[in-house]
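J.: Residue numbers (our numbering): 51 to 614.
Right, I'll just put the structure down here and ask away after.
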């Protein structure tokens, strides 16, 4: 067996993605599962004998970044049984009335936009958090403030570590710069606390296969992640380190200084995190990581408000749960290090993520029928912050399709019959997908996994799906005339690719940084990053982009023309 993994959650948006991800894993435990729970979850029992599962997690968060959780961690009881102190923050409006504190319009909080429903305003987020232990869901439009508002799994007391030196939100005292994050982990007390928690989880593993790092890329947590991955690389040599650089869709695009900070944090984070990780993947619904804003990623059958962290993090969590399946499968002996080594050869340690959420399948149609309709363009979206382009080549890829049964490999009655193709002659869904990948991406090293188990979308996962979807997440010809049932699961297609797309992404970042007037950002460098070191990182970013050259000169020239 490949063994267990420890997850590190660094930053608030990483917490938003993590909270949804742990919820997806908890929902999968309610029935038969093809994924090993023990890879990421610790099994235990309450005094009454009830079995519990807690994440093998170390979460670093700032002061004010968590709500109804004890600072030493959550109890083993469900959130509804919380017996600690819960503070209610009330703001008075101009009329003198009070309402629960709502920071939804501020940058970086867990909502970011949208309208708060009257029911949510009446009960407050603490009550909403308590409800999540049952079957109720958070209203999709509510202004969820913190990831702890929709965390519905218990945490071990060793999991949560609050960094009191900085505030989660506000006009000052925030963790804004890469150098600030690095300095935190250079403090002996902070480093010792982190190592103690890591050793606790690592030493209880029967066979540690590695670490998953979920890290905010846009703020000072990129510096924290740089030091954390360096520590893991030095202390746990030979173990896999898979790092996910997470960036929310933010509403402060007009703030030049914040944009410059975000750009520099992102570039330094990519360089340092990829250096010390087995594999690094930027993950975001943002249309661009650079200075020029682009529309966020959208999906045809999801009504997602990308500026709501509660929404965007749910999409990324479903992709993450699918992308990590290869080293969590009960039927597979592959480890996270094997996954990394299948993609990172020739220095390509940065990969791009793609996902189709949901995978557009009609009920009763075979996989061959469905894929035959997408011979020229795979029906997935890029989740690594670069403009959409049709890419018919990649160096290597790991693809996972879930929620499609084994019986759907061959042709079956379908409302829109496709002509028979080579796909229809394949004997299994695995063979259908593998043949499709070899045809669509000729010459690429492709690995494929097919799971019958779909991605659960039970509460607290948002119900932001199109009425065209059935309860199982399959497409209908038209929306029903009556109110449809909630979508409880969806099929998902997701991939990690070492792709030429990354050359354009990395070069675009490098170009934006070259054009930046660093004299406008003196406080960024006074926080601990030397300008000379920054220039070295800039050169490393350019060198990294060269690993992905594959004749995309036309696209590159077009991008350079756009930037003029």
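For each residue, glycine too, the CB sits at the ideal point set by N, CA and C.
Just to check my reading of the structure: residue 511 and residue 70 have Cβ atoms closer than 8 angstroms, yes? What is that Cβ distance to the nearest angstrom?
T.: Residue mapping note: residue 511 aligns to position 461 of the chain shown, counting from 1. Residue mapping note: residue 70 aligns to position 20 of the chain shown, counting from 1. 7 angstroms between Cβ atoms; contact.
J.: CB-CB under 8 angstroms to residue 95, same chain, minus the five flanking residues each way: which ones, in chain order?
T.: Along the chain shown, read from residue 1 onward, the residue named residue 95 stands at position 45. Result list for residue 95: 101, 102, in chain order.
J.: Along the chain, where does the alpha helix (DSSP H) that runs through residue 289 open and close?
T.: Working through the chain shown from its first residue, we reach residue 289 at position 239. Looking at the DSSP string, residue 289 is not in any alpha helix (DSSP H), and its letter there is neither H nor E.
J.: Let me know the secondary structure DSSP gives residue 69 once reduced to three states.
T.: One-based indexing of the chain shown puts residue 69 at position 19. Residue state, collapsed to three classes: helix.
J.: Do residue 296 and residue 244 have their C-beta atoms closer together than 7 angstroms?
T.: Taking the chain shown and counting its residues from 1, the one referred to as residue 296 is at position 246. Taking the chain shown and counting its residues from 1, the one referred to as residue 244 is at position 194. Contact: no.
J.: Pull up the distance between the alpha-carbon of residue 427 and that of residue 64, whole angstroms please.
T.: In the chain shown, the residue the question calls residue 427 occupies position 377. In the chain shown, the residue the question calls residue 64 occupies position 14. Cα to Cα, residue 427 sits roughly 31 angstroms from residue 64.
J.: Thinking residue 540 and residue 517 are a contact (beta carbons under 8 angstroms), I'd like their distance in whole angstroms, please.
T.: Taking the chain shown and counting its residues from 1, one reaches residue 540 at position 490. Taking the chain shown and counting its residues from 1, one reaches residue 517 at position 467. The pair is not a contact, with the Cβ atoms about 14 angstroms apart (cut-off 8 angstroms).
J.: Is the CB-CB distance between residue 110 and residue 240 below 7 angstroms?
T.: Locating residue 110 in the chain shown gives position 60, where the first residue counts as 1. Locating residue 240 in the chain shown gives position 190, where the first residue counts as 1. No, the Cβ-Cβ distance between residue 110 and residue 240 is not below 7 angstroms.
J.: Beta-carbon within less than 6 angstroms of residue 137's beta-carbon, same chain only, minus the 5 sequence neighbours each way: which residues are those?
T.: Within the chain shown, the letter at position 87 stands for residue 137. Below a pLDDT of 50, predicted positions are generally treated as unreliable, and residue 137, at 35, falls in that range; the measurement from the model is reported next regardless. Counting only Cβ-Cβ distances below 6 angstroms, and skipping sequence neighbours, we find nothing.
J.: Please state whether the Cβ-Cβ distance between residue 405 and residue 551 is less than 7 angstroms.
T.: The residue you call residue 405 lines up with position 355 of the chain shown. The residue you call residue 551 lines up with position 501 of the chain shown. Cβ distance not < 7 angstroms, so residue 405 and residue 551 don't count as in contact.
J.: I'd like to know if the segment 393-402 and the segment 527-537 are in contact, where contact means that at least 3 CB-CB pairs between them fall below 8 angstroms.
T.: The answer is no - the segment 527-537 does not touch the segment 393-402, with fewer than three Cβ pairs under 8 angstroms.
J.: Since residue 259 contacts residue 362 with CB under 8 angstroms, what's their CB separation in whole angstroms?
T.: Locating residue 259 in the chain shown gives position 209, counting from the first residue. Locating residue 362 in the chain shown gives position 312, counting from the first residue. At roughly 29 angstroms, the Cβ-Cβ gap does not stay under 8 angstroms, so residue 259 and residue 362 are not in contact.
J.: Using C-beta distances below 7 angstroms, list every residue in its chain close to residue 413, excluding the 5 sequence neighbours before and after it, in chain order.
T.: Within the chain shown, the letter at position 363 stands for residue 413. Correct list, in chain order: 520, 524.
J.: At the level of alpha carbons, what is the spacing between residue 108 and residue 530?
T.: Residue numbering aside, residue 108 sits at position 58 when the chain shown is read from its first letter. Residue numbering aside, residue 530 sits at position 480 when the chain shown is read from its first letter. Those two C-alpha atoms are separated by around 45 angstroms.
J.: Report the rounded CA-to-CA distance for residue 128 versus residue 76, giving the unit in angstroms.
T.: The count along the chain shown starts at 1 and reaches residue 128 at position 78. The count along the chain shown starts at 1 and reaches residue 76 at position 26. Note on residue 128: pLDDT 34, under 50, position unreliable in the model; no value is reported.
J.: Would residue 99 be called buried (16 or more neighbouring beta carbons within 10 Å of its own) or exposed?
T.: Position 49 of the chain shown holds residue 99. The residue is exposed, with fewer than 16 neighbouring Cβ atoms inside 10 Å.
J.: Near residue 547, what residues of its chain come up, given a Cβ to Cβ distance below 7 angstroms and the 5 sequence neighbours on each side ignored?
T.: On the chain shown, position 497 is the one that residue 547 refers to. Within the same chain, residue 547 has close Cβ partners 401, 402, 404, 444, 447.
J.: Are the segment 261-276 and the segment 55-63 in contact at 8 angstroms, needing three or more beta carbon pairs?
T.: A contact exists between the segment 261-276 and the segment 55-63.
J.: Under 7 angstroms, do residue 312 and residue 89 count as touching if we go by C-beta distance?
T.: For the purposes of this step, residue 312 is taken as residue 262 along the chain shown, with counting starting at 1. For the purposes of this step, residue 89 is taken as residue 39 along the chain shown, with counting starting at 1. Going by C-beta atoms, residue 312 is not nearer than 7 angstroms to residue 89.
J.: How many Å lie between residue 365 and residue 472 at the Cα?
T.: The residue labelled residue 365 in the question sits at position 315 within the chain shown. The residue labelled residue 472 in the question sits at position 422 within the chain shown. Looking at the two C-alpha atoms, the distance is approximately 33 angstroms.
J.: Expressed to the nearest angstrom, what Euclidean distance is found between the alpha-carbon atoms of residue 202 and residue 298?
T.: Sequence index remark: in the chain shown, residue 202 carries index 152 (1-based). Sequence index remark: in the chain shown, residue 298 carries index 248 (1-based). Using only the alpha carbons, I get a separation of about 22 angstroms.
J.: Below 7 angstroms between beta carbons: does that hold for residue 199 and residue 115?
T.: Position 149 of the chain shown holds residue 199. Position 65 of the chain shown holds residue 115. For residue 199 and residue 115, no; Cβs fall outside 7 angstroms.
J.: If you check the beta carbons only, do residue 279 and residue 323 fall under 7 angstroms apart?
T.: Start at 1 with the first residue of the chain shown, and residue 279 comes out as number 229. Start at 1 with the first residue of the chain shown, and residue 323 comes out as number 273. Going by C-beta atoms, residue 279 is nearer than 7 angstroms to residue 323.
J.: Could you give the DSSP three-state label for residue 25: helix, strand or coil?
T.: Nothing can be reported for residue 25: it is not among the residues displayed for the chain, which extend from 51 to 614.
J.: Going by the beta-carbon positions, is the gap between residue 556 and residue 591 smaller than 7 angstroms?
T.: For the purposes of this step, residue 556 is identified with residue 506 of the chain shown, where counting begins at 1. For the purposes of this step, residue 591 is identified with residue 541 of the chain shown, where counting begins at 1. Yes.
J.: Among 74, 344, 73, 494, whose alpha-carbon lies nearest the alpha-carbon of residue 639?
T.: Within the shown structure, residues of the chain are numbered from 51 to 614, placing residue 639 beyond reach of any answer.
J.: Mind checking residue 532: buried by the 16 CB within 10 Å criterion, or exposed?
T.: In the chain shown, the residue the question calls residue 532 occupies position 482. With fewer than 16 Cβ atoms within 10 Å of its Cβ, residue 532 is classed as exposed.
J.: If you draw a straight line from the C-alpha of residue 480 to the C-alpha of residue 411, how long is it?
T.: On the chain shown, residue 480 is found 430 positions in, with the first residue counted as 1. On the chain shown, residue 411 is found 361 positions in, with the first residue counted as 1. Cα to Cα, the separation comes out at about 16 angstroms.
J.: Give me the Cβ distance between residue 328 and residue 281, rounded to the nearest whole Å; I'm assuming they're in contact under 8 angstroms.
T.: What you label residue 328 is simply residue 278 of the chain shown in a count that begins at 1. What you label residue 281 is simply residue 231 of the chain shown in a count that begins at 1. At roughly 15 angstroms, the Cβ-Cβ gap does not stay under 8 angstroms, so residue 328 and residue 281 are not in contact.
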